[in-house]
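Participant:
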Amino acid sequence: MSGTRLNLLVQPFILLVNWGTDMNLKKPLTFSEQVEKLNEHGIIIKDAEKKAVEEYLSHVNYYKLTGYALQFRKEAESSNLATSHTFSEIKKLYDFDADMRQMLRGYLEIVETYCKTQIANSFALEKCMTPPYDQHYNEANYYNEKGFQHIMQNFGKEQSYYADSLIVKHHSEKYEGKMPLWVMMELMSFSSVSKLYKAMFESSQKRISKNFGVGFRTLGNQLHCLAVLRNKCSHAGRLMNVRYNPPAHLSRKFLNDHPSVSSSSLFAYLLVLKWRLPTSEQKSNFQGDLFAILEKYKDIVDLSLIGFPKNYKNIL
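According to the numbering used here, the stretch in the sequence shown is residues 2 to 317, in order.
Now the structure itself:
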């Protein structure tokens, strides 16, 4: 693909707003006006294509779509492209991201289910072995008691989302709303599970992490990374040209052997995803599906914008 690429990875920032000043937001545009605005910024749209592009923008948010043109901008603060690119190019980048998210969702579901199962089983066998077997509700069983309280407040909200489910009704009627930990996990988001693990005592974390074959701190980081990736995939967040936080914990040896790999890249997060898949068959299938998407879009996707080194196949 021709044109200057500016690797404008999104950086964390703090926005201070003085609401007392006269500050106007951007004026809303019709879909037709959005087409013209894209043209003004250097995205080529032929007259014969304008109606089709207008229809497309009624389905895909203008702001979301233009995120895939960031690497072509003249400057970070400018909306104008360094050189002109066709609407088709930008759309293909969007399609790549969408295909990647769809593929990843299936594998993230496998990992989420596995992690919830391992965490719930290990913690319950450690803490919940005496009647009434509800010690997972006791904040004294957690190192970060305030963090646990916050998690349970969020769980109350999550539980209310499923108020009509048979699971919630059954436990409300028979157990005054209390549930075994492995049942709670079915209702918890992956983010909540990640936070619950981090609220546990080190001894509990070490017991759990042994089942994954990694250190307890590394597992905590990996759960956080996977929760972030899952949220992006579930809510149509852009995957490419993004700096990921938290950085993935990659061993010193790995980073020495592969200095071109950034811990804050999509590639690093995909490594974590692959490592946490439970079976060799799932790992192999993941590689095949990932490589197929990269092959499909090889003429449009700059691998550096997703953090993939040239020898990514050897690393994965």
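Heads up, the beta-carbon is just placed ideally off N, CA and C, and yes, glycines get one too.
(1) With DSSP as the reference, identify every bridge partner of Tyr162, one or two as the case may be.
(2) Among the residues of its own chain, which have a CB less than 6 Å from the CB of Gly238, if the five just before and after it don't count?
(3) Evaluate Ala53 with the Cβ neighbour count: other Cβ atoms within 10 Å of its Cβ, from every protein chain shown; 16 or more gives buried, anything less gives exposed.
(4) Express the C-alpha separation of Lys207 and Tyr64 in angstroms, rounding to a whole number.
(5) Determine the direct distance from the alpha carbon of Lys158 to that of Ile168, and round the result to whole angstroms.
(6) Ends of the alpha helix (DSSP H) at Val229?
(7) Output the boundary residues of the alpha helix (DSSP H) element that contains Leu66.
(8) Pick from Glu55, Ser85, Leu271: whose alpha carbon is nearest that of Met241?
(9) Exposed or buried, which one is Leu17 when buried takes at least 16 other CB atoms within 10 Å?
(10) Are at least three pairs of beta-carbons, each pair with one atom in the region 117 to 129 and one in the region 208 to 218, less than 8 Å apart?
(11) Using alpha carbons as the reference points, say which of His171, Ser265, Lys175 lies closest to Leu227.
(12) Would you report the Cα separation of Glu187 and Lys299, rounded to the nearest angstrom?
(13) Within its chain, find whatever has a CB closer than 6 Å to the CB of Lys147; leave out the 5 residues flanking it on each side and keep chain order.
(14) So if DSSP puts His86 in a beta bridge, which residue, or which two residues, is it bridged to?
(15) In the DSSP assignment, what are the bridge partners of Tyr143?
(16) Does the Cβ-Cβ distance between Ala70 and Ile91 come in under 7 Å?
(17) Give a yes or no on whether the C-beta atoms belonging to Ala200 and Phe268 are separated by under 7 Å.
(18) Compare the beta carbon distance of Ser195 and Leu220 with 7 Å and say whether it is the shorter of the two.
(19) Ordered along the chain, which non-local residues of its own chain (more than five positions away) have a Cβ less than 7 Å from that of Met180?
(20) Would the beta-carbon of Gly43 fall within 7 Å of that of Ser85?
(21) Shortest alpha-carbon distance to Asn321 belongs to which of Ser193, Asn139, Tyr134?
(22) Using the Cβ count rule (16 or more neighbours within 10 Å means buried), how would you classify Asp48?
Facilitator: The short version:
(1) Bridge partners of Tyr162: none, in fact.
(2) none
(3) exposed
(4) 44 Å
(5) 15 Å
(6) 217 to 235
(7) 63 to 67
(8) Leu271
(9) Confidence is the limiting factor: at Leu17 the pLDDT is only 47, short of 50, which leaves the residue's position unreliable and the question unanswerable from this model.
(10) yes
(11) Ser265
(12) 38 Å
(13) none
(14) Ile44
(15) Met201
(16) yes
(17) no
(18) no
(19) His172
(20) yes
(21) Coverage of the chain is limited to positions 2 through 317, which leaves residue 321 absent and any answer about it impossible.
(22) exposed
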